[in-house]
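If you're matching positions, the sequence shown starts at 598 in my numbering and goes up one per residue.
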Amino acid sequence: MNTEQFTSDQLARKYEYDDGAVIAIDLGTTVPEPSVDVVDGTVIIVSDGEQYEFDLPVERTDAHTFIKNGVLTIELEDNA
Numbered sequence: 598m599n600t601e602q603f604t605s606d607q608l609a610r611k612y613e614y615d616d617g618a619v620i621a622i623d624l625g626t627t628v629p630e631p632s633v634d635v636v637d638g639t640v641i642i643v644s645d646g647e648q649y650e651f652d653l654p655v656e657r658t659d660a661h662t663f664i665k666n667g668v669l670t671i672e673l674e675d676n677a
């Protein structure tokens with residue numbers, strides 16, 4: 598997964614676990630809360646009129662997303 602395009606100014610971390618992974622991206626709180634959706638293995642983020650997209654790893658397309666206090670969290674489960 599390449600989150601560098603979206604995260605050039607944001608802090609992003611990826612945590613690997615036995616049954617999946619978590620990606621956390623600090624979007625900040627200076628702009629209105631963005632919206633996020635996952636469509637066909639692609640994360641789509643719309644923030645302040647801009648749209649960003651990045652693909653999830655093929656083995657981890659089952660994703661749950663939420664935003665709290667300006668931090669986007671993407672929880673990925675193994676498809677195995």
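For each residue, glycine too, the CB sits at the ideal point set by N, CA and C.
In this structure, residue 659 sits away from residue 647, with a CB-CB distance that is not shorter than 8 Å. 654 is the residue among 654, 630 and 627 whose C-alpha sits nearest the C-alpha of residue 640. One Cα belongs to residue 625, the other to residue 608, and the distance between them is close to 9 Å. If you draw a straight line from the Cα of residue 618 to the Cα of residue 610, it comes to about 10 Å. The residues 611 and 671, in chain order, have a CB closer than 6 Å to that of residue 620 in the same chain once the five nearest residues on each side in sequence are set aside.
By the criterion of a C-beta distance shorter than 8 Å, residue 666 is surrounded in its chain by 626, once the five residues flanking it on both sides are discounted.
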